[in-house]
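K.L.:
Structure in structure tokens, see below.
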Amino acid sequence: MDGVILTPLKQIYNPKGNIFHAMKNSDIGYLGFGEAYFSIIDQNKIKGWKKHTKMTLNLIVPIGEIEFIIYNEKNKDFFSVKLSKNNYQRLTVSPNLWMAFRGIGEYNMLLNLASIEHDPNEAVNVDLDKIKYEW
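For the sequence shown, counting from 1, position 96 maps to 96 in UniProt numbering; every step adds exactly one.
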């Protein structure tokens, strides 16, 4: 889907605890740094739909498993991916695409490396039933 990039990330084994890469400023998808935050999503709960008008999202799931659904309202196209330590990739989502996500594991956490600082005026939220998707 245009505006969506999946980038495989490295996990480096360490006998005392593995290292999970996230992002370098030379990576595709890096468009500046605004803020980083973690978000928890409970099992079988869904957050969304949300559309950022300026922010580029760079989403990583180091703990648990989360299913992300991206929706392009211009061509009515959906994109789906499940991220976890077993499918360890960074999901880059450009502005003006709708996104929702669902917790699959018992404990699920994502990291967003956002291109701009949080601004409540640059995002649009709608109820889950406003965009029809069969979870």
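All C-beta atoms in this analysis are idealised placements derived from N, C-alpha and C, irrespective of residue type, glycine included.
Counting pairs of Cβ atoms below 8 angstroms between the region 110 to 120 and the region 14 to 32, do you hit three or more?
P.N.:
Touching, yes, given that three or more Cβ pairs across the two stretches are closer than 8 angstroms.
K.L.:
Just verifying my parser: in three-state terms, what is the DSSP assignment at residue 120?
P.N.:
Reduced to three states, the DSSP call for residue 120 is helix.
K.L.:
Spatial neighbours of residue 128 within its chain, please: C-beta separation below 8 angstroms, excluding the five flanking residues on both sides.
P.N.:
Closer than 8 angstroms at Cβ, skipping near neighbours: 46, 48, 49 and 100.
K.L.:
Roughly how many angstroms lie between the CA atoms of residue 109 and residue 97, to the nearest whole one?
P.N.:
Rounded to whole angstroms, residue 109 to residue 97 spans 22 angstroms at the Cα level.
K.L.:
With respect to the beta strand (DSSP E) encompassing residue 89, which residues constitute its N-terminal and C-terminal limits?
P.N.:
Here the beta strand (DSSP E) through residue 89 covers 89 to 93.
K.L.:
Verify whether the separation of the beta carbon atoms of residue 82 and residue 62 is less than 8 angstroms.
P.N.:
No, Cβ-Cβ distance for residue 82 and residue 62 is not below 8 angstroms.
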